[in-house]
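Chemist:
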Amino acid sequence: MKIIGQQKANCKNCYKCIRTCPVKSIKFEDSQAKIIDNDCVLCGKCVAECPQNAKTVSSELDKVKQYIADGERVLISLAPSYVGLFEMESPEQMATAFRKLGVYGVSETSEGAAFVSREYHRLIAEGKQRSIITTCCPVVNEMVEKYYPDVVQYLAPVVSPMIAHGLLLRQRYGQDVKIVFVGPCIAKKREKNDIRHDTKIDAVLTFDDLVVWLDENDIDIASCEKGEFINADPKVAKLYPIPGGILKTVKTLGDDNNYSYISVDGIDNCKELFNALSNGSFLDRCFIEMSACVGGCVNGSAKGDRARNRFIDDLKVRNLQKGDGAEYPDYTDEVPLHKDMVSRHGNVD
């Protein structure tokens with residue numbers, strides 16, 4: 000499935016998407032800019048940059064609507080950035096909004112993030128990797144696997160919170176449920192189809208899709224009553240969508256085994272660090288949180304409203320979590336979280 004498409008446009012003398020692409024995966028052919036799908040990492044920069052809105056993003060909204068029409072039990076895995084990106088008095092209003100759309104239940108992906116944090120901490124305690132890069136961001140993972148073969152060894156061999164949550168929900172509710180991830184990221188659409196875990200998530204909707212769906216049904220989240228999520232409070236793991244959030248969650252689990260911690264956001268900064276790791280000019284024993292989007296997931300490529308102030312959205316996420324202090328949620332479930340990271344092809348230079 001082509002995730003980012005291109006409508007015919009007057010591309011001559013523009014080239015903005017070509018200039019902004021961090022991995023040079025757009026070519027100019029027959030007077031049109033064309034994405035080289037196998038090289039693209041789905042960062043979404045070209046979608047935002049195109050002045051003619053000629054870049055299109057595929058949607059599975061009709062597929063999800065059909066699940067509901069067919070009477071399937073649809074469970075929503077809701078990315079924690081929703082707290083910053085939608086206007087509401089209480090997060091529980093979002094649960095009600097989804098119920099009005101006909102879903103069976105809504106669970107916060109932060110639950111999966113808590114399990115991933117526990118696995119990151121285990122890797123830190125084990126101490127076998129010289130440095131460890133978090134593998135929550137699919138754009139980061141794609142960039143390393145496609146363009147930085149020397150850095151693959153530093154990727155944590157761990158699935159993302161989305162996949163972990165899918166595993167958890169199937170374990171709790173049965174293999175026949177339909178699990179739909181909803182979040183601010185275009186690249187999650189390809190991650191869902193990765194053959195290493197392609198049975199865990201049935202569909203991915205972006206927050207752009209969600210805005211359309213809510214508008215179609217005249218649902219105003221801020222006017223909804225408080226509902227209930229089907230998950231326990233993920234507590235500190237709700238900080239995952241903002242810079243430093245993963246680090247804080249992992250730190251609540253205890254000893255750092257003499258690893259340093261650093262947070263890197265923004266695709267250009269990520270590339271700079273990849274190059275440092277490749278040429279050996281970066282410190283050993285470092286746990287590295289990475290996000291391709293400047294400001295983390297609250298500034299994602301399909302966040303619903305590109306005009307939003309990411310600093311205010313960041314604060315909304317931080318302020319919601321304050322009541323939980325630095326507590327790690329008490330989960331007893333066990334889910335398989337291992338993922339083999341591989342070098343694929345290419346060179347970004």
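So the sequence shown is numbered by numbering that gives the first Met the number 0: it starts at 0 and just counts up by one.
Quick reminder that beta carbons are idealized off the backbone N, C-alpha and C, glycines included.
#1: Looking at Pro90 and Pro183, is the spacing between their C-beta atoms short of 9 Å?
#2: Pair every Cβ in the segment 326-336 with every Cβ in the segment 291-303, then say whether three or more of these pairs are closer than 8 Å.
#3: Indicate the three-state DSSP secondary structure (helix, strand or coil) for Cys285 in the structure shown.
#4: Count the CB pairs spanning the segment 139-159 and the segment 273-285 that are closer than 8 Å, and state whether there are at least three.
#5: Work out the CA separation of Met87 and Lys315 for me, nearest whole Å.
#6: Just to confirm, is the Cβ distance from Leu282 to Ser130 under 9 Å?
#7: Could you tell me how far apart the beta carbons of Ile2 and Arg189 are, in whole angstroms, since I believe they sit closer than 8 Å?
#8: Got a sec? Which residues, its chain only, sit under 6 Å from Lys62 by beta carbon, not counting five neighbours each side?
#9: Measure the C-alpha to C-alpha separation of Val334 and Phe97 and round it to an integer number of angstroms.
#10: Distance, Cα to Cα, Val249 vs Glu118?
#11: Going by CA-CA distance only, name the one from Asn298, Gln92, Thr198, Leu122 that's closest to Ile185.
#12: DSSP three-state call for Tyr327: helix, strand or coil?
#13: In whole angstroms, what is the alpha-carbon distance linking Leu252 and Ser116?
#14: Using alpha carbons as the reference points, say which of Asn308, Ile261, Val40 lies closest to Gly244.
Modeler: Taking the structure as given:
#1: No, these two residues do not count as a Cβ contact at 9 Å.
#2: The segment 326-336 vs the segment 291-303: no contact.
#3: Reduced to three states, the DSSP call for Cys285 is strand.
#4: Result yes; three or more Cβ-Cβ pairs closer than 8 Å.
#5: Roughly 11 Å separates the two Cα atoms.
#6: Going by C-beta atoms, Leu282 is nearer than 9 Å to Ser130.
#7: Indeed, because the Cβ distance is near 6 Å, the residues count as touching under 8 Å.
#8: Non-local C-beta neighbours of Lys62 in its own chain, meaning closer than 6 Å and more than five positions away in sequence, comprise Ala202, ordered along the chain.
#9: Distance between the alpha carbons of Val334 and Phe97: 26 Å.
#10: Going from the Cα of Val249 to the Cα of Glu118 covers about 9 Å.
#11: If you compare the alpha carbons of Asn298, Gln92, Thr198, Leu122 with that of Ile185, the shortest gap goes to Asn298.
#12: The answer is coil: DSSP assigns Tyr327 none of H, G, I, E or B.
#13: Cα-Cα distance, rounded: 8 Å.
#14: Here the closest residue by C-alpha is Ile261.
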